[in-house]
Amino acid sequence: MEIVTNSPSGTSYDPAVLDEIQHRVLWLATRIVDAANHDRDTGDGVKVGGHQASSASLVTVMTALYFAHLDAPDRVSVKPHASPVFHAIQYLLGNLDRSYLTTLRAFGGLQSYPSRTKDPDAVDFSTGSVGLGAAAPLFAAATRRYVDAHFGARPRSRFIALIGDAELDEGNIWEAVADPATDGLGDVLWIIDVNRQSLDRVVPGVRIAQWEQQFSAAGCHVVEAKYGRALQAAFARPGGEALRAWIDAMPNEHYQSLFGLDAAAVRERFLDGAPAEVGSFCAGLGDDDPASLVKDLAGHDIGSLLDAFAQCDAEKDRPSVLFAYTIKGWGLPIAGNPRNHSALLTPAQVDQMRSRLGLTAATEWDRLDPMKHAGQWAAARREHLARSPRAAAAAAAVSVPDSTGLRAARPISTQEAFGRILVDLSRAESVGPYLVTTAPDVATSTNLAGFINRTGVFSPVPRRAWSEDPVLKWAEGPDGQHIELGISEMNLFLLLGQLGLASDLSDQPLLPVGTVYDPFVLRGLDAFIYSVYSGARFIVAGTPSGVTLAPEGGAHQSTITPSVGIELPNVTFIEPAYAIALDWLLCGALQSVAASSGSRLPGAEPTETGSYYFRLTTRGIDQQPFQAARDRMGDAILRRQVLAGGYRLVDAADAVAAGAPPVYLVGCGAVLPEVLAAAAELADEGIAATVVDVTSPDRLYRAWQRTLRQGVRTATAPSIAGALRSAFSDRAPVVTVHDAASHTMSWLGSALGVPAVSLGVDSFGQSGTVADLYRAHDLDPGSIVNAALAALSLR
Ligand SMILES: Cc1ncc(C[n+]2csc(CCOP(=O)(O)OP(=O)(O)O)c2C)c(N)n1
Ligand SMILES: [Mg+2]
Numbered sequence: 001m002e003i004v005t006n007s008p009s010g011t012s013y014d015p016a017v018l019d020e021i022q023h024r025v026l027w028l029a030t031r032i033v034d035a036a037n038h039d040r041d042t043g044d045g046v047k048v049g050g051h052q053a054s055s056a057s058l059v060t061v062m063t064a065l066y067f068a069h070l071d072a073p074d075r076v077s078v079k080p081h082a083s084p085v086f087h088a089i090q091y092l093l094g095n096l097d098r099s100y101l102t103t104l105r106a107f108g109g110l111q112s113y114p115s116r117t118k119d120p121d122a123v124d125f126s127t128g129s130v131g132l133g134a135a136a137p138l139f140a141a142a143t144r145r146y147v148d149a150h151f152g153a154r155p156r157s158r159f160i161a162l163i164g165d166a167e168l169d170e171g172n173i174w175e176a177v178a179d180p181a182t183d184g185l186g187d188v189l190w191i192i193d194v195n196r197q198s199l200d201r202v203v204p205g206v207r208i209a210q211w212e213q214q215f216s217a218a219g220c221h222v223v224e225a226k227y228g229r230a231l232q233a234a235f236a237r238p239g240g241e242a243l244r245a246w247i248d249a250m251p252n253e254h255y256q257s258l259f260g261l262d263a264a265a266v267r268e269r270f271l272d273g274a275p276a277e278v279g280s281f282c283a284g285l286g287d288d289d290p291a292s293l294v295k296d297l298a299g300h301d302i303g304s305l306l307d308a309f310a311q312c313d314a315e316k317d318r319p320s321v322l323f324a325y326t327i328k329g330w331g332l333p334i335a336g337n338p339r340n341h342s343a344l345l346t347p348a349q350v351d352q353m354r355s356r357l358g359l360t361a362a363t364e365w366d367r368l369d370p371m372k373h374a375g376q377w378a379a380a381r382r383e384h385l386a387r388s389p390r391a392a393a394a395a396a397a398v399s400v401p402d403s404t405g406l407r408a409a410r411p412i413s414t415q416e417a418f419g420r421i422l423v424d425l426s427r428a429e430s431v432g433p434y435l436v437t438t439a440p441d442v443a444t445s446t447n448l449a450g451f452i453n454r455t456g457v458f459s460p461v462p463r464r465a466w467s468e469d470p471v472l473k474w475a476e477g478p479d480g481q482h483i484e485l486g487i488s489e490m491n492l493f494l495l496l497g498q499l500g501l502a503s504d505l506s507d508q509p510l511l512p513v514g515t516v517y518d519p520f521v522l523r524g525l526d527a528f529i530y531s532v533y534s535g536a537r538f539i540v541a542g543t544p545s546g547v548t549l550a551p552e553g554g555a556h557q558s559t560i561t562p563s564v565g566i567e568l569p570n571v572t573f574i575e576p577a578y579a580i581a582l583d584w585l586l587c588g589a590l591q592s593v594a595a596s597s598g599s600r601l602p603g604a605e606p607t608e609t610g611s612y613y614f615r616l617t618t619r620g621i622d623q624q625p626f627q628a629a630r631d632r633m634g635d636a637i638l639r640r641q642v643l644a645g646g647y648r649l650v651d652a653a654d655a656v657a658a659g660a661p662p663v664y665l666v667g668c669g670a671v672l673p674e675v676l677a678a679a680a681e682l683a684d685e686g687i688a689a690t691v692v693d694v695t696s697p698d699r700l701y702r703a704w705q706r707t708l709r710q711g712v713r714t715a716t717a718p719s720i721a722g723a724l725r726s727a728f729s730d731r732a733p734v735v736t737v738h739d740a741a742s743h744t745m746s747w748l749g750s751a752l753g754v755p756a757v758s759l760g761v762d763s764f765g766q767s768g769t770v771a772d773l774y775r776a777h778d779l780d781p782g783s784i785v786n787a788a789l790a791a792l793s794l795r
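Residues in the sequence shown are numbered consecutively from 1, following the working numbering.
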């Protein structure tokens, strides 16, 4: 074995061995996609697809990483379209069973894009929606910095992202690097796969210089791996500088047009428009040049890449960004073709590639021969990269009570109660240390001030406070438990996602709580989806919400957010009206989040394994009706029903028994006072109005769907879900009332098999008083009474 010790990196490797490995990785990645498309008969006529060119582009970079650079604690986010490369490498390392290689994009097989929750091998970061998986390691590193500061340093991990060059078009990348919360993270390495191609086209012009400046301006360390060894040698010759200047200035479209031409045509095309000295320099080159020379890029030179990784490693106090110049489709007949994004090699081309590598149909899926150097190198790397099992001790320490014992005698809003509950929990030894809050510049206006006063704001180093605020103590230091973000809801959900994966990625369970104005949940929605798709567990409070935020007007009033909360998988949507119900629900949610890390789980629903979305308001409401329900039902039963999704706030059973026609008034959240007023009016008219306070339309909906699906799957008549039965025991028409789109609870009529009238906000709001807005959207008591009469008439 010829061992090279690469000087800056200190990495010892045999270039011939790594070259052999990268060609096997390229083969397997290509063949994995090929088998999915050509060996498997799906029977449905739908193209399977896959990305051989995008994968080939990263083969050298990923070979260099996994076979010569990474250590076991390092975490890598892989560009979505390079998933076949990742799986090929895991297979060669012995971490993936051979049977999976023919299952790309098959049900239960390798996922199209790396998935933490669905792939059989250990994916660190899910990717797929470009830009988000790219930014995730930055927030994972921010999370690690927080964990190290609070719980003691973990073994050092490098957080690495492999990013397509066109991913840099996504704004969330720039929001992520610009945020002060991600400043100075020296363990982050972003590797940009500069193949100058996106999906549709060759990326116009030359954008790298601008991107490099943008990263530098954001405080990142920028490195290039641009020219291969042969080009560097050419530049060093007399006259070589002119060649370099010509290549550097060449727009992407011109450069990419050199691919797929023969050597003579490349020479002609390359020199088209070139200064005379470049022409004379090239005249002195051999026949095959400049054709082979100009495609000699450092992103396919393992030595250059390892040097560049080492330069980035040496940079300890800021993220590094490595621009690695590559060829999309490297080593394949489709290399550099502007239309190669989804192109597939023909079976004949695959056959040629197989024979060129000395493989046959019998050996094509084999691992590297363990008797030869490459196989031995892979075995050694497998051992080097093996992760030790996580310490379970930290998880056991988190234990959340059933409630904080909050008292609420006077009118109080759910937002205010939320702030008080968090302060209370911060005092509990088994909860407080694990709580971490974050907000995109709305911490104080969402009632986190109390928590911040108690726990401080996180900063890796203590910072001097220049002004004393008697109300809000903004003390910044390594002990702080609030992470303040700039106004980026994307960053909020990306950070919550990584805080919510801390037990896996940083070996420390946390209880992450984020706050955001409810309408702007949608501004971060893709990152919200990304984070819960990744399996992260956190709590987010959208507050204030709805037209109840009356004076703020239409631009700040959320209407469709409950639908998002109800429909988004791995998220439980909760919208309580009363403070004590919120206390029980929030503690239950935190118990469930804590349970993911293996700690005690006294009360949470076993079916909930995701995150929690609380929709809150600033409208203080009288708590007496809830107290009356407590007195009537007792805390044990009431709490169970509140957690299940709904309970009878006013029970008109006596009036029903006396013969009054029954109706259900079903309210959710801030509108409960109007619903209660309507019930009282109806009672005066001799109608038995039972008021149901829905604390979680999501839990009720899911309970209903569970029984329906059970019926569908077992071909039996579905029963009414228990959660619905306890609140709606009689058959009676329903009126639903929600400060949100009317359809959020309109399914209740179907669920109960009764007529239903749904009131809600189905047009944009405007400024006004709460009463003005409720009147404008038929949420006032008079409208609710009319809706009840209409529902009764539909019987
Ligand atoms: C948010 C989002 N928008 C669009 C797409 C569709 N899409 C997939 S890959 C791609 C182009 C990616 O180009 P680049 O990042 O340069 O990767 P390459 O394939 O060149 O390596 C696009 C537009 C996506 N996956 N995610
Ligand atoms: Mg690209």
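Note that CB positions come from ideal geometry on N, CA and C, so glycine has one too.
- Closest in alpha carbon position to Ser413, among Val59, Leu616, Tyr647, Gln498, is Leu616.
- Not a single unbroken stretch of the beta strand (DSSP E) spanning 3 or more residues falls wholly within the region 691 to 727.
- DSSP, read as helix, strand or coil, puts Glu468 in coil.
- Taking a contact as a CB-CB distance under 8 Å, the pair Phe493 and Ser459 does not count as one, their CB atoms being some 22 Å apart.
- Within 7 Å of the C-beta of Ser198 there is at least one heavy atom belonging to ligand 2.
- Around the beta carbon of Met353, 16 or more other beta carbons sit within 10 angstroms, so the residue counts as buried.
- In this chain, the beta strand (DSSP E) harbouring Thr438 covers 435 to 440.
- Ranked by how close their Cα comes to the Cα of Glu429, the residues Leu672, Val770, Ser445, Pro401 have Pro401 in first place.
- Non-local C-beta neighbours of Ala655 in its own chain, meaning closer than 6 Å and more than five positions away in sequence, comprise Ala688, ordered along the chain.
- Collapsing the DSSP output to three states places Val593 in a helix.
- Burial state of Trp474 is buried, judged by a 10 Å Cβ sphere holding 16 or more other Cβ atoms.
- Of Ala298, Glu212, Phe626, the smallest CA-CA separation from Ala409 is found for Phe626.
- Beta-bridge partners assigned by DSSP to Pro512: Val436.
- Here Asp424 is buried. Its C-beta has 16 or more other C-beta atoms within 10 Å.
- Note that the C-beta distance between Leu495 and Asp124 is not below 8 Å.
- The criterion of a C-beta distance shorter than 8 Å is not satisfied by Pro319 and Leu499.
- Taking one beta carbon from each stretch, the region 87 to 95 and the region 180 to 197 have fewer than 3 pairs nearer than 8 Å; the two do not touch.
- The closest heavy atom of ligand 2 lies 7 Å or more from the beta carbon of Ala225.
- By the neighbour-count definition (other C-beta atoms within 10 Å, threshold 16), Val350 is a buried residue.
- For Phe235, the enclosing alpha helix (DSSP H) starts and ends at 229 to 236.
- The beta-bridge partner set that DSSP reports for Trp190 consists of Ala161, Val321.
- Between the region 701 to 713 and the region 627 to 634 there are fewer than three C-beta pairs closer than 8 Å, too few to call the two in contact.
- Our two residues, Ala386 and Arg145, have alpha carbons roughly 23 Å apart in a direct line.
- The region 158 to 168 and the region 115 to 132 touch, with three or more beta-carbon pairs separated by less than 8 Å.
- Taken through DSSP and simplified to helix, strand or coil, Pro662 comes out as strand.
- Annotation for Arg75: the continuous beta strand (DSSP E) segment containing it runs 75 to 77.
- Ala541 carries a strand assignment under DSSP once its states are collapsed to helix, strand and coil.
- With 16 or more neighbouring CB atoms inside 10 Å of its own CB, Ala68 falls in the buried class.
- Taking the Cα positions, Asp301 is about 7 Å away from Thr60.
- Counted as a single uninterrupted DSSP element, the stretch harbouring Ser611 is not any alpha helix (DSSP H) but the beta strand (DSSP E) occupying residues 611 to 615.
- Considered as a whole, the region 334 to 396 harbours 347 to 356, 373 to 385, 393 to 396 as its complete alpha helix (DSSP H) runs of no fewer than 4 residues, in chain order.
- When rounded, the separation of the alpha-carbon atoms in Leu345 and Asp39 is 13 Å.
- Per DSSP, Val571 is one residue of the beta strand (DSSP E) stretching across 571 to 574.
- Residues of the same chain with a CB within less than 7 Å of the CB of Leu748, apart from the 5 flanking positions on each side, are Val666, Val734, Thr736, Ala756 in chain order.
- The beta carbon of Asn340 sits no closer than 7 Å to any heavy atom of ligand 2.
- Taking 7 Å as the cut-off, the C-beta of Pro80 counts as close to a heavy atom of ligand 1.
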